[in-house]
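What follows is a single structure, written as C-alpha cells, with notes after it.
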C-alpha cells in the first residue's frame, strides 16, 4: 500500500561504487550481504535486490546526477534499511534528509550488525511479515544489544 | 445440522419423515459420492413453509444484502466521479442498492424471502394497470433488474470500451499495480498520457509521505513488473486528471494512513477526476486493480443474484 524511498548523494566524486549502474547494484548487494550475513539475490531483470529471510526487497534503483535512489514496500524493514544506510554511507553517500525519505531511527541503531549476532527473539520479530502497512511487533525488539 | 438420507433414499429426494419435520435451512443427501443439497425455508415456529419458495430466507437474505452492498459501493464510486451522467447512475445504484440491502435484512429477520420495494412497487403499478398476477410479478422483477443491473452494466460496457480503445487513444490514464504477496499489500501508481508522454505519480513514504513522480516509471527498462491497465479518456478528462495530479503534488508531506492518504487513495482521486468510476471497496492496491478491471462486472453478478433471489419469494 505504498513504498519507502531512500536517497543518498555522492557529490562530484561517485564514492567507491562502480560507474555502471548494474555493477553498482551488484556491489551494493555484495556489501549488504557482507554486512548482514544474509543472502541477497540480485534480480538483474528488474534491477531489484531480494532478501528472502526478511521477506523484503529493494527495487526501483535510480542513479541520477550522483544520486542513488531506491525503494521498498511499506513499512520500512528496520534491519534492512539500517544496514543499507550503513553500506551506502560507507561507500561515500550522504543521506538526503527530505521529510518523505527514509531516515534512520536511533532506537534501531543497534540493528547495524550481522544477523547472526542478533538474539533469536529479535530475529524472530524481524522475520515477521508486515500487517496492514505496519510492523506492530517491532516495538518488542530488544532495547540493548544482545 | 441437516439429516443424512437413508441408504435407500433416492438421490436428492427427502423421505416423507424428512419432509414433515421442521428442519434447519439445508439438508444434505449423500449417495455414491454425489451430494445433493436441498435448502428449505422454515419460519420461527420451526415449520417448513410450502409454496413457491425453494431457498431459505436467510440464504437469500445474505445474497440480497451482498448484492445491495456491491451496488451501493459502485454507486458511491460513480457519485464521486464528477460527471453528470455517472452521478445520476450513482444515485440510482445507491438507492436501489439500499432497497435491496434492506430487503435482504428483512429476509434474514423474517426467514422468508422478501422482495425489494422497487419490485413490489413496479408489480403493484403493473397490476393496477390491468396486468395479471404472473405478468405483474415478472414486470416487477424486470424493473428491479433494470434499476440494479442497468447502471452497473452501462459502467461495465463503458469500461470495456475504454480499455479496448486505450491502445490507439492519444489521451489515456494508466493504473499500475505492483503485487507483493498473498499476505502483504502491494503498491499503486497512476499515469496520464498526453502528447505522447506519460507522467507518473505515486504516494511514497509514510511518516510523512508525499506524492512524487515515479522513478523509474512503470513499464520502463529495469522497472518493477507492474501490471498496467490503460483506459482511453477525453482531452478534457486528461486535463482534469493532470490538474488533480498537480494539486496532489502541491499538498506536500502528509502522514500515511491505512484509509488515506496512501498510494491507493492517490490513484483513486486522479481516476475520479478522469471520469473513471471506481467501486468504494477498492481500498487496497489489489482491490483497486480488481475494481478497475472487473468492478462493474462483479456488481452485475451480485445485483443479478440479489434480484433473482428476491424474485424466488413469489408474490406476497
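Protein chains in written order, with the working numbering: chain A, 2 to 147; chain B, 117 to 432. The beta-carbon is built from N, C-alpha and C at its ideal position, and this holds for glycine as well.
Check: Should residue 76 (chain A) be flagged as near chain B, meaning a C-beta pair shorter than 9 Å?
Finding: yes
Item checked: Chain-order list of residues whose beta-carbon lies under 7 Å from that of residue 19 (chain A) (same chain, five-residue window excluded) -> 25, 28
Check: Can you list the residues of chain A that residue 378 (chain B) reaches, using a CB-CB cut of under 7 Å?
Finding: 2, 3
Notebook entry, point to check: Quick one: what's residue 329 (chain B) bridged to in DSSP?
Noted result: B:317
Note to self: So with CB distances below 7 Å, who are the chain B contacts of residue 31 (chain A)?
What the structure shows: Near residue 31 (chain A) there are no residues of chain B at all, since even the closest Cβ is about 19 Å away, more than 7 Å.
Check: From the DSSP output, which residues share a beta bridge with residue 60 (chain A)?
Finding: A:72
Next item on the list: Keeping to the same chain, check which residues put their C-beta closer than 6 Å to that of residue 124 (chain B); ignore five residues upstream and five downstream.
Entry: Caution applies to residue 124 (chain B), whose pLDDT of 41 falls short of 50 and renders its modelled position unreliable; the value that the coordinates give is listed next. If we look at residue 124 (chain B) and ignore the five residues flanking it on each side, it has no Cβ neighbours.
Check: Can you list the beta strand (DSSP E) stretches of 3 or more residues lying completely in the stretch 18–54 of chain A, in chain order?
Finding: 42–44, 49–52
Notebook entry, point to check: Closest to residue 385 (chain B) by CA distance: which of B:173, B:186, B:194 is it?
Noted result: B:194
Note to self: Taking CB distances under 9 Å as the criterion, tell me whether residue 10 (chain A) reaches chain B.
What the structure shows: no
Note to self: Using 9 Å as the threshold, is the C-beta distance between residue 306 (chain B) and residue 289 (chain B) below it?
What the structure shows: yes
Margin query: Just to confirm the assignment, what range does the alpha helix (DSSP H) spanning residue 224 (chain B) have?
Written below: 200–226
Next item on the list: Using a cut-off of 8 Å between C-beta atoms, extract the partners of residue 300 (chain B) located in chain A.
Entry: 56, 74, 130, 131
Next item on the list: Verify whether the separation of the beta carbon atoms of residue 184 (chain B) and residue 216 (chain B) is less than 9 Å.
Entry: yes
Note to self: Less than 6 Å between C-beta atoms, sequence neighbours within five positions excluded: which residues of the same chain meet that for residue 263 (chain B)?
What the structure shows: 212, 234
Notebook entry, point to check: What is the DSSP secondary structure of residue 270 (chain B), counted as helix, strand or coil?
Noted result: helix
Check: CB residue 49 (chain A) to CB residue 33 (chain A), shorter than 9 Å?
Finding: no
Item checked: Residue burial classification, residue 231 (chain B) (beta-carbon count within 10 angstroms, cutoff 16) -> buried
Checklist line | Interface flag, residue 248 (chain B) vs chain A, CB-CB below 9 Å | finding: no
Check: Can you name the residues of chain B whose CB is closer than 9 Å to the CB of residue 47 (chain A)?
Finding: 338, 339, 340, 341
Note to self: Strictly under 9 Å for the Cβ-Cβ distance: is residue 328 (chain B) near chain A by that measure?
What the structure shows: yes
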